[in-house]
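Just below is one structure, and these are the notes that go with it.
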Amino acid sequence: MTDIIQLLPDHVANQIAAGEVVQRPASVIKELVENAIDAGSGNIQVVIKDAGKTLIQVVDDGKGMSLTDARMCFERHATSKIKAAEDLFSLQTKGFRGEALASIAAIAHVELKTKTEADEVGTQIKVEGSKVAGQDVCVCPKGTSVSVKNLFYNIPARRNFLKSDAVETRHIIDEFQRVALAHPQIAFSLFHNGSELFQLPGTNYRQRITNIFGGKTNEKLVPVNEETEIVEISGFVGKPEFAKKSRGEQFFFVNNRFIKSPYLNHAVVAAFEGLLKDKSYPSYFLFLNVDPKSIDINIHPTKTEIKFDDEHALYAILRSAIKHSLGQFNVAPILDFDRDANLDTPYDYKNKSAEVPQVEVDRNFNPFQEENARIHKTSSNSYSSNFKKERRESWESLYAGLQTEEIPKQDTNFREIEFESEEVTGNLFQPSEDTEEKSTFQLHKKYIVSTLKSGILVIDQHRAHTRILYEEMLKNITVSAAVSQQLLFPLKLQFNTHEVEIIKQLKDSLEQTGFVFSEVKTDSVEIVGIPTLISESEVEILLEQLIADFENDVPDNGFSQTDLLAKSLAKGMAVKSGTLLNNTEQQHIVNRLFACKEPGLSPSNRSVFVTLTVDELDKKFM
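Numbering of the sequence shown is given in full-length UniProt numbering, commencing with residue 1 and proceeding in unit increments.
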């Protein structure tokens with residue numbers, strides 16, 4: 001029998017590893033940026049074209065590589081981060097597996113330029129499909145530049161499964177933000193198709209969060225600090241009133257490495273218990289420093305999963321630390337009914353020592369001088385009160401001088417005139433508005449119940465109004481623009497760079513629905529007109545929900561974009577369950593619903609109404 005087990009060639013092994021390490025263009029950026037951080041860079045620049053499908057370039061000013069290191073970095077399991085198995089328990093770097101560059105080079109055209117500070121010239125290496133296509137000397141600054149072109153060029157199936165440019169760009173921005181948040185002392189910049197998306201200078205944690213998510217984020221943050229023997233926690237959580245409908249702004253960092261942990265996320269949500277609205281999620285940016293020996297990060301090649309030695313203790317500490325922060329900054333209510341908030345010591349003055357007050361003495365003060373003057377005035381009866389008690393006159397005096405004209409006695413006809421009473425009493429059998437029969441009524445402020453010839457019709461008011469607005473929005477966007485109401489004062493809303501980009505993409509369609517934008521900046525928008533169906537206070541909530549919907553479900557074409565925009569606006573503007581409707585409003589919804597093209601289904605393909613026939617009612621009583 002012949003032997004059947006063979007050693008795979010390097011290029012085949014690299015492609016297998018690439019299937020785990022490089023899932024999409026965002027994975028390439030993550031690996032290259034983390035290598036740049038491990039090289040001690042102070043400034044990292046990322047350039048992408050066509051959402052990374054055509055070009056991904058990462059330029060840093062780190063320590064660079066020598067000629068030998070430049071050739072070795074493309075070999076499998078070649079790394080400078082660890083040397084022995086024991087080093088896995090004391091990792092201080094981002095990478096350690098030695099698979100990233102070898103996996104990227106197996107499925108793309110890679111060009112590497114690098115130079116150390118000691119060398120006079122740099123090294124340029126070109127690799128195509130794990131094969132070195134060229135090596136030369138080049139002139140370049142200190143640091144490393146890696147250009148990845150034509151990703152998945154030799155794996156057409158993987159390339160065809162990539163999403164649209166908008167979706168892949170969203171994933172790239174997510175990875176970029178995670179790395180940038182973990183290292184605020186490093187300056188980062190991101191360019192896409194020649195336009196600048198982010199320009200982040202080196203700063204502290206709070207300023208980095210504000211630079212990424214917009215200036216309005218600063219007022220939402222509550223500091224969290226706790227030091228124990230197990231873990232050191234620092235960072236910020238968002239105030240409960242600014243909680244969002246999506247899970248976007250939730251970040252955990254363990255030893256400056258972004259991780260995903262549903263267990264720790266539950267601890268944060270538990271700390272906000274009783275403070276959040278229904279279906280709202282808190283924002284948090286939490287940095288955990290633990291002993292590297294107490295964690296295992298070698299779970300998955302992406303290194304976003306970590307195993308802790310004592311997760312239960314970490315859960316309790318994290319939950320208590322957040323509760324303490326919400327309490328000490330007066331975010332969470334305190335159940336002390338006898339407490340006077342005016343007597344509380346400000347948090348900034350808690351650790352300050354008391355100062356001895358300075359006493360000033362007026363040495364020219366003579367108390368006996370004023371006393372003698374007062375006694376002298378009293379004895380000479382020279383003091384008199386200026387208060388004079390006025391005598392109140394009787395109420396009859398208010399009518400003194402008024403003349404009453406009497407009707408002449410000869411005008412007897414005038415006395416006999418009878419005036420008709422203003423009160424009109426209707427006929428006993430005449431139907432009034434109160435006794436008029438209502439064709440609809442509301443049940444539990446959620447359902448509208450109406451009668452049919454065959455039985456009863458029960459309508460979900462929120463889904464029905466959503467269907468009505470959805471079809472109206474589609475008509476406004478595609479056929480005729482909606483009417484807009486002008487605001488007395490412009491409404492200025494703060495958003496981060498990525499959210500403004502989404503608004504720019506939807507600007508034309510939003511203006512068709514009634515929005516009027518006077519100014520769109522990199523971190524804010526100014527609105528001077530809004531649709532007639534919404535109030536000014538609902539605009540920010542509506543746009544935030546719209547942005548969240550587009551982030552979670554980015555459409556691939558123009559029709560899908562219009563459809564998603566109409567769905568999101570209709571869902572945000574429709575009447576909610578629990579809203580009391582009068583009889584006119586109920587009848588209006590019923591009439592407009594059955595004028596729709598698809599009255600039976602909501603935009604999300606859920607039933608809008610159900611019918612209950614007389615026969616079905618009869619069966620209930622059998």
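Glycine included, each C-beta is placed from N, C-alpha and C at the ideal position.
Using 10 angstroms around the beta-carbon of Ser518, count the other beta-carbons present and answer buried if the total reaches 16, otherwise exposed.
-> A residue is called buried when at least 16 other Cβ atoms come within 10 angstroms of its Cβ; Ser518 does not meet this threshold and is exposed.
Is Gln512 buried or exposed, if buried means 16 or more other CB atoms sit within 10 Å of its CB?
-> buried
Residue environment, Lys220, which counts as buried when at least 16 other CB atoms sit within 10 Å = buried
Simplified DSSP assignment, three categories, for Pro367 | helix
Counting Cβ pairs, one atom from each stretch, are 3 or more of them under 8 Å apart for the segment 581-593 and the segment 459-472?
-> yes
Run of the alpha helix (DSSP H) containing Ile212, from where it starts to where it stops | Residues Tyr205 to Phe213.
By DSSP, does Asn582 sit in helix, in strand, or in coil?
-> Coil at Asn582, not helix or strand.
Put Ser384 into one of helix, strand or coil per three-state DSSP.
-> The pLDDT assigned to Ser384 is 47, lower than 50, so where the model puts this residue is not dependable; a value taken from the coordinates is nonetheless given after this. In this structure, Ser384 counts as coil in the three-state DSSP scheme.
Cα-Cα, which of Tyr281, Thr68, Val46 and Glu616 is closest to Asp61?
-> Val46
Boundaries (first-last residue) of the beta strand (DSSP E) holding Leu151 = Careful: Leu151 lies outside any beta strand (DSSP E) and carries neither H nor E.
Classify Gly426 as helix, strand or coil using the three-state DSSP reduction.
-> Bear in mind that the predicted position of Gly426 carries a pLDDT of just 48, short of 50, making it too unreliable to give a figure here.
Taking C-alpha atoms, which residue in Gln57, Leu564, Ala354 and Asn154 lies nearest to Gln505?
-> Leu564
Which word fits Arg606, buried or exposed, when buried means at least 16 other C-beta atoms lie within 10 angstroms of its C-beta?
-> Arg606 is exposed by the Cβ-count criterion.
9 Å Cβ cutoff met for Asn265 and Phe441 | Contact flag unset, no.
Would you call the CB atoms of Ala187 and Asn43 closer than 9 Å?
-> yes
Using only alpha-carbon positions, find the residue among Leu275, Asn150, Lys277 and Asn225 that is nearest to Ser320.
-> Closest in alpha carbon position to Ser320, among Leu275, Asn150, Lys277 and Asn225, is Asn225.
Should the segment 525-536 be regarded as contacting the segment 490-502, the criterion being three or more beta carbon pairs within less than 8 Å?
-> yes
Just reading off the beta strand (DSSP E) that residue 623 is part of, what are its end residues?
-> An answer regarding residue 623 cannot be provided, because it is not within the stretch 1 to 622 covered by the chain.
Would you tell me roughly how many angstroms separate the C-alpha atoms of Lys53 and Gln185, rounded to the nearest one?
-> 30 Å
Nearest residue (CA-CA) to Lys63, options Glu117, His109, Cys73 and Gln23 | Glu117
With distances taken from CA atoms, which of Ile295, Glu273 and Val59 is nearest Asn255?
-> Ile295
With a threshold of 16 other CB atoms inside 10 Å of the CB of Asp434, please say whether the residue is buried or exposed.
-> With a pLDDT of 44 at Asp434, under the threshold of 50, the modelled position of that residue is not reliable, and the figure given next carries that caveat. Exposed, because fewer than 16 other Cβ atoms sit within 10 Å of the Cβ of Asp434.
Taking three-plus beta-carbon pairs below 8 Å as touching, is the segment 478-487 in contact with the segment 606-617?
-> no
Cβ shell of Lys115 (< 6 Å), same chain only, five flanking positions each side left out | Gly64, Gly122, Cys140 and Lys142
What is the DSSP secondary structure of Thr435, counted as helix, strand or coil?
-> Caution applies to Thr435, whose pLDDT of 40 falls short of 50 and renders its modelled position unreliable; the model cannot decide the point.
Cα-Cα, which of Asn204, Val146, Leu318 and Lys307 is closest to Glu227?
-> Leu318
Starting from the Cα of Leu617, find the closest Cα among Gly455, Phe368, Asn150 and Glu355 and give me that residue.
-> Gly455
Work out the CA separation of Thr217 and Lys620 for me, nearest whole Å.
-> One C-alpha to the other measures close to 57 Å.
Inter-residue Cα distance where the pair is Phe550 and Ile502 | Rounded to whole angstroms, Phe550 to Ile502 spans 8 Å at the Cα level.
Looking only at C-alpha atoms, which of Val539, Ser509 and Val500 sits nearest to Val520?
-> Val500
Below 8 Å, can you find three or more Cβ-Cβ pairs linking the segment 229-247 to the segment 277-287?
-> yes
Check each candidate in Lys131, Asn154, Thr562 and Phe609 and name the one with the smallest Cα separation from Tyr447.
-> Phe609
Ranges of the beta strand (DSSP E) found wholly within the segment 98-135, counting only runs of at least 3 | 109-115 and 122-128
Keeping to the same chain, check which residues put their C-beta closer than 8 Å to that of Leu580; ignore five residues upstream and five downstream.
-> Gln442 and Lys445
The beta strand (DSSP E) enclosing Asn225, as first and last residue numbers = Leu221 to Glu227
Report the three-state DSSP secondary structure of Gly248 (helix, strand or coil).
-> In this structure, Gly248 counts as coil in the three-state DSSP scheme.
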